[in-house]
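Undergrad: Take the sequence shown: its letters are residues -11 to 672, numbered as in the numbering used here.
Backbone N, C-alpha and C fix where the C-beta goes; we use that ideal spot for every residue, glycine too.
Can you read through this structure? Questions will come right after.
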Amino acid sequence: MDQKFFRVPFAQSGDRQTVPDALQSSGVVSFPSGWGGDYAKDPTVDANAKPVEREAMNAILYAITNAVRQYQVFGFPEYITPADNNGSVFAYSSGAVVRYRQSAALAFKSYVSVDDNNTSVPGTDETKWQEFIYRESSTDEAADPTNETTQITPRRLHPVIDAAIEQFQLIINPQLVPVGFGGIWFTDTPPDGWLEANGQAFDIEKYPKLAQKFPSGRVPDARGRFARGWSHGSATDPDSEREICSTQEDAMQEIKGEFVIDDWGWADGKLFKIVRGGSSGWDSQGGGLVVEFNSSNVARTSIETRPKNIAVMYIIKTDLAETEPSIPTPTAIVITPRSSNINAGSSLQFLASVLPVEFHDNYPVDWAVSDASLGNISSSGNYTASAGMTGVQTIIASISTGLTALVTINQYVYLTNISVANIPNISVGDNYNLAITFSPAGYTEPVDYASSDAQIASIGAGMITGVSPGTVTISATGRYSGVTVSRQVTVTPKVIVEKYLQINERLSEIAAAGAAAQAAARNNLGLGGLATKDGLTAADVSAVPQASASLGTENLNTVISLGRKFQALTSNATLARNYPVALAGMLDVIKTTDAGIRQTFYPYNTTDVYHRYCVDVGANPIVFSAWGKSGGDFLEKPQNLADVPNKPTARENLGVGYTISTAAPPTSASGYAQGHIWYQVGES
């Protein structure tokens, strides 16, 4: 069948938007709804009409072709992590096959689920996942006892069995009695498959192996004979050249010698006895004696020379001999579960089966552990892991025959919670370390990190790396506890910093860089701070500040800040508030010394000017001089010369020595002021 091979997923490097997994109330495209009815409407007449977005089309075709490509290239899909499933653990059915690796540094392995509703992580629990067996084993793999991922077919099994039998023979043969072996038997009938060593003939076709030992077709005749070690060239046997299985007649070592008989009449007759001739007494002289030698007088004698013995039958093993069956005993103990992982502080029940099954009830199992600090196991096989302890524990099951079985379990402090702070957008090529918190702090179980799309962002050991623009979900999951957390990550295109200012940007790049960059640029051009202003204030040019708002009800004794101010309301300009006149007007405050100032007040409707000064504005209380008036070159007519500043001088200037008053004269001399004359006006 013709098919398209997706060498790369569709739109792998194209513009893609995120298509939501949940139904959207706005009617936009989503995986549950697809492109809804709004996408079929005419946008020229219907405000709800929606165009089919290019980015959405790219995203969906990318997702489809990326999934199909997993089957095309690898045959099986990758394991669905919580990050791929909106943070939820996906439950697999029995028989599902997936590819999985614990980290990007490891190679993928294929696993088959052996349980329904399977939410565990592949490779963590053999009762849930097993490595997938998908091909015939090689000759070497068939003989490898650790191989768990290939199938042994009959053609692979036969050489393994032959090799095993050959190996078994090499091991067992030294412990077996070979055909032709001769032994001692204590009954008058040899066992089945054995022949009496009585010189009898045997059928060489029936006993080919025995015939190799005795080509003549007869067994040796050992009846009435002692076995003597074959001299085999040794001088110990006088007949040292004799062949194996040859016979030798009985013999006595030769005894010979000579002696002179002169018994002097004292022979006792035990071993030697005079049987005739001779004389008796010590004084007998001369004559011949006959001496008899007879060992029966002092020992047991027979017609042969022999030691004490027992009559036995020598027997020879033939081809038909059978090995005596041994007493049956248990051959194996099977522990379940075979291997496992356990949370410190929890318990796990182990079961043991004694095989063959007929021995199960007759051989109770004793339980033990290799490391009591990690936990303990009861007589019924219930293992309790010590809280807070991590390590590898060995569970030991044994029976009275000494038969023992072992399984190991990995003990960890499991996670109870994982939290991750919100993740900012990261650029392509940038890294970001997750702000992640694990509970409890002393956890020891491994944590697996996953990304829903490693072509957008990858993650390892808590560090995210941006790969290409897009949005993915990353997750962190306790390998055995299943505790998980997930967050979305948006990867943005990498910002390429332009090395040169573009003419058509009109220096906007400097503005975009911020105030510090703008200040540096102005400084490089020799522009001061005034270059940034649209208008200048008095302070900018070191001028007297000009107030823009009227003074209020404050006392002029408190108005000491430099500048030009004004009072808009005559009602506020009172003598009590130290105004020189009760009129609105302008007030100048200027600096005269480091500590002194001068106030000048200009009433709004006259040409008068009033002045006063303060020597030290820092004094407490502050002290001003009296107001002094300067009104120009004229005296005011309505004042009737009352505004003459120096009256005595003015009188002198007028040539007037005295002033005349019509008022009543003073009552005492002190009331007469210098230069005044009083006169009394009489009554008519």
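#1: Helix, strand or coil: how does DSSP classify Val408 here?
#2: Is Thr396 closer than 9 Å to Gln381 when the C-beta atoms are compared?
#3: Since His599 is in the alpha helix (DSSP H), which residue starts that stretch and which ends it?
#4: Specify the secondary structure class of Ala356 as computed by DSSP and reduced to three states.
#5: Can the beta-carbon of Lys201 be found less than 9 Å from the beta-carbon of Leu308?
#6: Is the segment 465 to 479 in contact with the segment 406 to 415, if contact means three or more CB pairs nearer than 8 Å?
#7: Less than 7 Å between C-beta atoms, sequence neighbours within five positions excluded: which residues of the same chain meet that for Gly369?
#8: Tell me whether Asp176 is buried or exposed, calling it buried when 16 or more other Cβ atoms sit within 10 Å of its Cβ.
#9: Starting from the C-beta of Pro31, find all residues in its chain whose C-beta is less than 6 Å away, skip the five residues before and the five after it, and write them out in chain order.
#10: Considering Cα atoms alone, identify which of Ala445, Asp582 and Asp418 is closest to Ala607.
#11: With a cut-off of 8 Å on the beta carbons, I'd call Leu571 and Tyr592 a contact; round off their distance for me.
#12: Rank Asn350, Ser14 and Ile424 by C-alpha distance to the C-alpha of Gly406 and give the top, closest one.
#13: Output yes or no for whether 9 Å exceeds the beta carbon distance between Gln188 and Arg213.
#14: In whole angstroms, what is the alpha-carbon distance linking Gln399 and Gly470?
#15: Pick helix, strand or coil for Tyr402, following the three-state DSSP scheme.
#16: Can you list, in chain order, the residues of its chain with a C-beta nearer than 8 Å to that of Tyr27? Leave out the 5 residues immediately preceding and following it.
#17: Cutting at 6 Å between CB atoms, please list the residues of its own chain near Val322, excluding the five before and the five after it.
#18: If Ile462 sits next to Tyr437, beta carbons under 8 Å apart, how far is it from one beta carbon to the other, in whole angstroms?
#19: Tell me the rounded alpha-carbon separation between Pro203 and Leu145.
#20: Using a threshold of 9 Å, state whether the C-beta atoms of Tyr59 and Phe(-2) are closer than that.
#21: May I ask you to verify whether the segment 149 to 159 touches the segment 279 to 292, counting CB pairs closer than 8 Å and requiring at least 3?
#22: Let me check understanding here. Comparing Cα to Cα, which of Pro626, Thr546, Ala531 and Asn560 lies closest to Gly540?
#23: When the Cα atoms are used, what is the spatial distance from Arg565 to Leu544?
#24: Could you spell out where the alpha helix (DSSP H) holding Phe156 opens and where it closes?
#25: DSSP puts Val435 in a beta bridge; with which residues?
#26: Could you say which of Pro208, Tyr88 and Ala92 lies nearest to Thr453 if we only look at CA atoms?
#27: Can you tell me which of Gly379, Ala223, Asn350 and Val345 puts its alpha carbon nearest to the alpha carbon of Ala360?
#28: Tell me whether Thr404 is buried or exposed, calling it buried when 16 or more other Cβ atoms sit within 10 Å of its Cβ.
#29: If you draw a straight line from the alpha carbon of Ala504 to that of Thr6, how long is it in whole angstroms?
#30: Check the C-beta distance from Pro609 over to Phe589 and give it rounded, since I have them as a contact under 8 Å.
#31: Starting from the Cα of Ala10, find the closest Cα among Asn54, Lys305, Ser440 and Asn74 and give me that residue.
#32: Going by C-alpha to C-alpha distance, which of Lys116, Gln534, Gln490 and Met240 sits closest to Ser101?
#33: Rounding to the nearest angstrom, what Cα-Cα distance links Ile172 and Pro295 in this structure?
#34: On the DSSP letters alone, give me the boundaries of the alpha helix (DSSP H) that Arg87 sits inside.
#35: Nearest-angstrom Cα distance between Asp596 and Ala519?
#36: Helix, strand or coil: which one does DSSP assign to Ala55?
TA: Answer, in terms of the structure:
#1: strand
#2: yes
#3: It is not in any alpha helix (DSSP H) - His599 instead sits in the beta strand (DSSP E) that spans Val597 to Cys602.
#4: strand
#5: no
#6: yes
#7: Gln337, Phe338, Leu339, Ala340 and Trp355
#8: exposed
#9: Ala37
#10: Asp582
#11: 6 Å
#12: Reading off the sequence shown, one finds Ile at residue 406, where the question assumed Gly. Nearest C-alpha to Ile406: Ile424.
#13: no
#14: 15 Å
#15: coil
#16: Val17, Ala37, Lys38, Pro39 and Val40
#17: Ser341
#18: 7 Å
#19: 39 Å
#20: no
#21: no
#22: Asn560
#23: 6 Å
#24: Pro142 to Ile160
#25: Gly466
#26: Ala92
#27: Gly379
#28: exposed
#29: 38 Å
#30: Not really, about 21 Å apart at Cβ, beyond 8 Å.
#31: Asn74
#32: Lys116
#33: 18 Å
#34: Unbroken run through Arg87 is the beta strand (DSSP E), Val85 to Tyr88; no alpha helix (DSSP H).
#35: 41 Å
#36: helix
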